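**Q** Numbering (my numbering), first residue to last: -17 to 324. Every residue gets a Cβ at the ideal spot worked out from N, C-alpha and C, and that includes glycine. From a predicted model like this one, the values you see are computed outputs, not experimental measurements.
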């Protein structure tokens, strides 16, 4: 979408150029500059007439028509109800079919240009993460750190959908997950800082999960961080093509032996945002999800996130990786498994 309050569409015919239907004519220049598409049309407040007009032009006003939504792995979405109802009324001879998962699955194995975009995104994410850490000190707010990260991403030619940042006192922790919207509460000596930094290039995103200590961590935090770093290292050396989601998730059983539990899953699909494999958070994975088999070219995040059962204490380390013919390749040069005490 070109605006958060407007749905954009692409009409993709069997033959001929795909057509982007955006918001208004004043946005088309920006759309064209950011896209590989060549055909653009303004949709205005109601994009349905422009969509229907293009479908009629390419002879697709009858028969089967696939609808592709967004975020198929995280939460399946399709078209807004009002748009769907108007499309059905305007195209009575069309049989609509949800093709979102089918379409997303076509993109799971990355092409060389996609891998290159992921590498660039990972490099921009690395720069943002380092700039964020360079700015960490008592008195600085998570909101300020988010600004530093975002400024760095934009200066490098990237885009960022979010940066999650949160801190809690190590002596009396209350969180094991950072804030999606970083707050203005100043950091203090003795805090542990959790960040999830995401930066994108050409629609492909890197991701880093990091833990930083403001002062020497007590034994409880040193032990849980050592466990997280160890499990993350095991993921990097053990995950390989041919494994199923169920087999990879089993590596988190080490958390159980330490009286801890898995926060977010150790594996998830990640590239153009969240993709398959879907691994069971925030809703349980199905048998189909658990049987999903990794293949060379899949892009995933591997993360170790051990937390206490009450979720008040936890750390995480992780990042974007590419499944190769023999294992996985971390795409980030920044090493989240390194112990960082500031």
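#1: May I ask you to report which of helix, strand or coil DSSP gives residue 239?
#2: Would you identify the three-state DSSP class for residue 16, choosing helix, strand or coil?
#3: Which same chain residues, not among the five before or five after residue 36, have their C-beta less than 6 Å away from its C-beta?
#4: According to DSSP, is residue 146 helix, strand or coil?
#5: Please determine if the region 159 to 178 and the region 119 to 132 are in contact, where contact requires at least 3 C-beta pairs separated by less than 8 Å.
#6: Could you check whether the Cβ of residue 84 sits closer than 7 Å to any heavy atom belonging to the ligand GTP?
#7: Could you tell me whether the Cβ atoms of residue 221 and residue 310 are closer together than 8 Å?
#8: Using the Cα positions of residue 130 and residue 114, report the straight-line distance between them to the nearest angstrom.
#9: When DSSP labels each residue in this structure, what does residue 270 get in the three-state scheme?
#10: Taking the alpha helix (DSSP H) that residue 94 belongs to, which residues open and close that run?
#11: Buried or exposed: residue 84, going by 16 or more other Cβ atoms within 10 Å of its Cβ?
#12: So, residue 151 versus residue 124, is the Cβ gap smaller than 8 Å?
#13: Candidates 48, 61, 288, 100: which alpha carbon is nearest residue 206's?
#14: Around the Cβ of residue -4, are there at least 16 other Cβ atoms within 10 angstroms (buried) or fewer (exposed)?
#15: Going by C-alpha to C-alpha distance, which of 272, 315, 218, 293 sits closest to residue 305?
#16: In the DSSP assignment, the beta strand (DSSP E) including residue 126 goes from what residue to what residue?
#17: Who are the near neighbours of residue 273 in its chain, counting only those whose CB is closer than 6 Å to its CB and skipping five residues on each side?
#18: Which residue wins for smallest C-alpha separation from residue 290, given the options 59, 189, 155?
#19: Are the region 94 to 101 and the region 64 to 78 touching by the rule of at least three beta carbon pairs closer than 8 Å?
#20: Within 10 angstroms of the Cβ of residue 238, are there 16 or more other Cβ atoms? Answer buried if so, exposed if not.
#21: Would a C-beta distance cut-off of 8 Å place residue 166 and residue 142 closer than the cut-off?
#22: Can you find the residues in the same chain that come closer than 6 Å, C-beta to C-beta, to residue 175, ignoring five residues on each side of it along the sequence?
#23: Please report the straight-line C-alpha distance between residue 240 and residue 209, rounded to a whole angstrom.
#24: So is residue 179 buried or exposed if we call it buried at 16+ other beta carbons inside 10 Å?
#25: Going by DSSP in three states, residue 24 sits in which element: helix, strand or coil?
#26: Assuming the contact rule is C-beta atoms closer than 8 Å, residue 269 and residue 224 should be a hit. Round their C-beta distance to whole Å, please.
#27: I need the DSSP call for residue 177, collapsed to helix, strand or coil.
#28: Determine the direct distance from the alpha carbon of residue 162 to that of residue 47, and round the result to whole angstroms.
#29: Who are the Cβ neighbours of residue 160 in its own chain at under 7 Å, not counting the five residues just before and after it?
#30: Among the candidates 9, 295, 314, whose CA atom is the shortest distance from the CA of residue 303?
#31: Would you report the Cα separation of residue 234 and residue 242, rounded to the nearest angstrom?
#32: Quick one: what's residue 281 bridged to in DSSP?
#33: Secondary structure at residue 219, three-state DSSP: helix, strand or coil?
#34: For residue 73, does the three-state DSSP call read helix, strand or coil?
#35: Check residue 87 in the structure and name its three-state DSSP category.
**A** According to the structure shown:
#1: Residue state, collapsed to three classes: helix.
#2: Residue state, collapsed to three classes: helix.
#3: These residues qualify, in order along the chain: -7, 1.
#4: DSSP, read as helix, strand or coil, puts residue 146 in strand.
#5: As far as the Cβ criterion goes, the region 159 to 178 touches the region 119 to 132, which means the pair count is three or higher.
#6: Because no ligand of any kind appears in the structure shown, any question about the ligand GTP cannot be addressed here.
#7: A contact, by the Cβ cut-off of 8 Å.
#8: If you take the alpha carbons of residue 130 and residue 114, they lie about 6 Å apart.
#9: Looking at residue 270 - three-state DSSP - the assignment turns out to be helix.
#10: Taken as a continuous stretch (DSSP letters only), the alpha helix (DSSP H) holding residue 94 covers 94 to 116.
#11: Answer is exposed; the Cβ neighbour count stays below 16.
#12: The Cβ atoms of residue 151 and residue 124 lie no closer than 8 Å to each other.
#13: Nearest of 48, 61, 288, 100 to residue 206, Cα basis: 288.
#14: The residue in question, residue -4, is exposed, as its Cβ has fewer than 16 Cβ neighbours within 10 Å.
#15: Measuring from the Cα of residue 305, the nearest candidate turns out to be 218.
#16: Unbroken run through residue 126 is the alpha helix (DSSP H), 124 to 137; no beta strand (DSSP E).
#17: If we look at residue 273 and ignore the five residues flanking it on each side, its Cβ neighbours are 226.
#18: Comparing alpha carbon positions, the residue from 59, 189, 155 closest to residue 290 is 155.
#19: They do not touch, by the three-pair rule.
#20: Exposed, by the Cβ-count rule.
#21: No, these two residues do not count as a Cβ contact at 8 Å.
#22: So the list reads 149, 194, once near-sequence residues are dropped.
#23: Roughly 9 Å separates the two Cα atoms.
#24: Answer is buried; the Cβ neighbour count reaches 16.
#25: Strand at residue 24.
#26: Not confirmed; about 18 Å, so no contact.
#27: If DSSP states are grouped into helix, strand and coil, residue 177 belongs with the strands.
#28: Their backbone Cα atoms lie some 37 Å apart in a straight line.
#29: Answer for residue 160: 146, 147, 148, 176, 177, 178, listed in chain order.
#30: Residue 303 has its Cα closest to that of 314, out of 9, 295, 314.
#31: A direct Cα-Cα distance of roughly 10 Å separates residue 234 from residue 242.
#32: According to DSSP, which records beta bridges pairwise, residue 281 is partnered with 304.
#33: Helix at residue 219.
#34: If DSSP states are grouped into helix, strand and coil, residue 73 belongs with coil.
#35: Helix at residue 87.
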